[in-house]
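> Okay, here's the structure, questions in a sec.
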Amino acid sequence: MKNVLIILIMLICTLIGGYFSVRLHKKCRFLKAVAFMLEEVGLMIEFESAEVSEIIKRLTMMQRLSELDFLNKISDEINVGTEFGLLWENAVESQQYSFLNSEEKDFIKDIGRKLGKSDIKGQLNAIKFEQLELEKMIRSADDDERRKSKLYRSLGLLCGAFIVIILI
Amino acid sequence: MRTDDDLQELIQYFPERIRECIRTLAVKLTEIRLRREKPIILMENAEMFFIDPQYRITKVYDKSCIKLSSSEMESFFYAICRNSIHSFQEDICSGFITLTGGHRIGLCGTAVRDNGKITNIKNISGFNIRISREIFGSGEDIFNNIFSGGLRNVLIAGVPSCGKTTILRDLCRLIGNRYKVSVIDERSEIAAVYVGIPQNDVGLNTDVFDGYSKADGLEMAVRVMSPDIIIFDEAGSQNEFGYMEHAMNCGIRICASIHASSVEEIEYRLPFWSRFDYIVMLGRTPRQGCRIYRTDEI
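Going down the list, the sequences are from chains S and W. All you need for the numbering used here is the position in the first sequence, starting with 1, plus 720. All you need for the numbering used here is the position in the second sequence, starting with 1, plus 5.
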């Protein structure tokens, strides 16, 4: 019985450490997917003047963007007369994305608010600005992942061991 | 083929609070005029209607009639651009946006210029929504009078909003069922093409050059589609007249509409008017009918 308890505590603590480590990894992947999305949106606007609904439809079909599931929600709900900025904002909000901080969430909501609101030149400039911002976020997220990912996993393991020692 | 669904779709662009009002009168409406902080005007030919504070249609204007706020006007603008201003930039600079179904929305505001060229319109203050309709049979009289003996060069003339495009659309259907037709549909008003498919019946043997400028479309049609006749709306600039004459010199017939209130105006503006076989002068309203002139008798 005692051994089972020890194993259980160790397992739970390791999983908690792992969970936080995975969150960092997810955040990195998510932000990189957003960067790829911006790249694609820029191309669709620059070379095809594609409409927002068309852009969303095509983005949802891209395998590399499967992580951005808020796009599917937008694609399902976009309709004649819908206010796109609000739709985007609600879609991002509804998906939770607990691994993102509020600044990152606001940044992603802002992409939707600006999309389609100006001429091609304005859109491309806005995308360029967003890409610069995003680059900084990705760098910081990569850095966090490199530094903290192992740390969280080890901490989980150590915490488990510590609790076990105390209980014994 | 176009259905009433297009009208329902058009209604969805309007602010929610006035949709029901517009829906009740939609079948009869010819134009809807929206102006910033001014009452909404619904037009049925020359008759004006307003929306009273209880959201009922009325012919009597008073100060409490429903107006659109600046933010509602802005939302309407984004909605008609399908939330994609960048996709409609050229249309915006030309002063109009065409919706699915061929409904044309004229824009009025402050021009932003760069090197003398309009690059944008800001502070949009008014919209004129012209509701497009397919009236089967509206061009039948003209078709029977003019085209029964074969193809001819025809000019359809009239003042704005007298029904030129409606007649041209029907003529397109009638001629397109017999001859090879190329339609230059610069503003998507004749065929109302959506994702490559004409929403209006333009005839069996009709090719649509959608979104082409008239000059480019005329040149392209002559070169690649070997049409018997080219149909287009609102011939206006000297450049277009040049391409029109070139097409005629290639043995292709032309059927076009032009803004003019008299034959004299056409003679003044169009140097080669006599090369047309017929000029159809439309009355100021569709109810006034039309007069057909043979150019060799003028």
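Ideal Cβ placement from N, Cα and C applies to all residues, glycine included. None of these values were measured; they are calculated from a predicted model.
Is glutamate 36/W close to chain S? Criterion is C-beta to C-beta, closer than 8 Å.
Counting from 1 along the second sequence, the entry for residue 36/W is found at position 31. No, because no Cβ of chain S sits closer than 8 Å to the Cβ of glutamate 36/W.
> Where does lysine 122/W fall in DSSP's three states?
Locating residue 122/W in the second sequence gives position 117, where the first residue counts as 1. Three-state result, lysine 122/W: strand.
> In or out: proline 232/W buried (at least 16 other Cβ within 10 Å) or exposed?
In the second sequence, the residue the question calls residue 232/W occupies position 227. Buried: at least 16 other Cβ atoms inside 10 Å.
> Taking 8 Å as the cut-off, decide whether the C-beta atoms of arginine 109/W and arginine 135/W are in contact.
In the second sequence, the residue the question calls residue 109/W occupies position 104. In the second sequence, the residue the question calls residue 135/W occupies position 130. Closer than 8 Å, so yes.
> Give me the chain S residues within the contact set of glycine 91/W, using Cβ-Cβ distance strictly less than 8 Å, ordered along the chain.
As a first step, residue 91/W must be located in the second sequence, where it is residue number 86. In the sequence under discussion, the amino acid at residue 91/W is histidine, which differs from the glycine named in the question. The contacting residues are Ile765, Ser769, Gly836, Ser838, Asp839, Ile840, Gly842, Gln843.
> In chain W, which residues lie with their C-beta within 7 Å of the C-beta of glycine 801/S?
In the first sequence, the residue the question calls residue 801/S occupies position 81. Gln17, Tyr18, Ala84, listed in chain order.
> Thinking asparagine 128/W and glycine 111/W are a contact (beta carbons under 8 Å), I'd like their distance in whole angstroms, please.
Position 123 of the second sequence, counted from the first residue, corresponds to residue 128/W. Position 106 of the second sequence, counted from the first residue, corresponds to residue 111/W. The pair is not a contact, with the Cβ atoms about 16 Å apart (cut-off 8 Å).
> Does the beta carbon of serine 75/W sit closer than 8 Å to a beta carbon anywhere in chain S?
Numbered from 1 along the second sequence, position 70 holds the residue referred to as residue 75/W. It does not: the Cβ of serine 75/W has no partner Cβ on chain S nearer than 8 Å.
> Beta-carbon of arginine 40/W versus every beta-carbon of chain S: anything under 8 Å?
In the second sequence, counting from the first residue as 1, residue 40/W sits at position 35. Judged by the 8 Å Cβ criterion, arginine 40/W is not in contact with chain S.
> Name the two residues that bound the continuous alpha helix (DSSP H) containing cysteine 748/S.
Numbered from its first residue, the first sequence carries residue 748/S at position 28. Counting along the chain, the alpha helix (DSSP H) containing cysteine 748/S begins and ends at 722-768.
> Between which two residues does the alpha helix (DSSP H) harbouring methionine 230/W extend?
Locating residue 230/W in the second sequence gives position 225, where the first residue counts as 1. Run containing methionine 230/W: none; DSSP gives neither H nor E here.
> Could you tell me the distance, in whole angstroms, from the CA atom of asparagine 125/W to the CA atom of glycine 100/W?
Working through the second sequence from its first residue, we reach residue 125/W at position 120. Working through the second sequence from its first residue, we reach residue 100/W at position 95. Spanning the two alpha carbons is a distance of roughly 9 Å.
> Helix, strand or coil for alanine 861/S, going by three-state DSSP, please let me know.
Start at 1 with the first residue of the first sequence, and residue 861/S comes out as number 141. Reduced to three states, the DSSP call for alanine 861/S is helix.
> If you measure from the beta carbon of serine 795/S to each beta carbon in chain W, is any gap under 8 Å?
To locate residue 795/S, count along the first sequence from 1; it is residue 75. Chain W contact via Cβ: absent.
> In whole angstroms, what separates the C-alpha of valine 32/W from that of valine 159/W?
Here residue 32/W refers to the residue found at position 27 when the second sequence is read from its first residue. Here residue 159/W refers to the residue found at position 154 when the second sequence is read from its first residue. Cα to Cα, the separation comes out at about 31 Å.
> Quick one: does threonine 8/W have its CB under 8 Å from some CB of chain S?
Taking the second sequence and counting its residues from 1, one reaches residue 8/W at position 3. For threonine 8/W, the predicted model reports a pLDDT of 48, less than 50, meaning its position is unreliable and no value from the coordinates is stated.
> Below 7 Å between beta carbons is the criterion; list the residues of the stretch 733-761 of chain S that meet it against any residue of chain W, in chain order.
For the stretch 733-761 of chain S, which is checked against every Cβ of chain W, not one residue is closer than 7 Å.
> Compute the distance between the beta-carbons of isoleucine 828/S and leucine 807/S, then report whether it is under 8 Å.
Reading the first sequence from its first residue, position 108 is the one you call residue 828/S. Reading the first sequence from its first residue, position 87 is the one you call residue 807/S. It is not a contact, given that the beta carbons lie outside the stated cut-off.
> So if I threshold CB-CB distances at 9 Å, which residues from the stretch 849-870 of chain S count as touching chain W?
Of all residues in the stretch 849-870 of chain S, none has a Cβ within less than 9 Å of some Cβ in chain W.
> Please confirm whether glycine 114/W and serine 130/W have their CB atoms less than 8 Å apart.
Indexing the second sequence from 1 puts residue 114/W at position 109. Indexing the second sequence from 1 puts residue 130/W at position 125. Yes, the Cβ-Cβ distance between glycine 114/W and serine 130/W is below 8 Å.
> Quick one: which chain S residues come within Cβ less than 9 Å of serine 143/W?
Position 138 of the second sequence holds residue 143/W. Simply none; closest approach about 28 Å.
> Does the CB of methionine 790/S have a neighbour CB from chain W at under 8 Å?
Here residue 790/S refers to the residue found at position 70 when the first sequence is read from its first residue. A quick correction: the sequence has phenylalanine, not methionine, at residue 790/S. No, phenylalanine 790/S lies away from the interface with chain W (no Cβ there is under 8 Å from its Cβ).
> If I follow the unbroken alpha helix (DSSP H) through lysine 796/S, where does it start and stop?
In the first sequence, counting from the first residue as 1, residue 796/S sits at position 76. Correcting the residue identity first, residue 796/S is aspartate in this sequence and not lysine. Residues 790-797.
> Is the shortest distance between the beta-carbon of arginine 118/W and the beta-carbons of chain S less than 8 Å?
Taking the second sequence and counting its residues from 1, the one referred to as residue 118/W is at position 113. Chain S, which has no Cβ nearer than 8 Å to the Cβ of arginine 118/W, makes this no.
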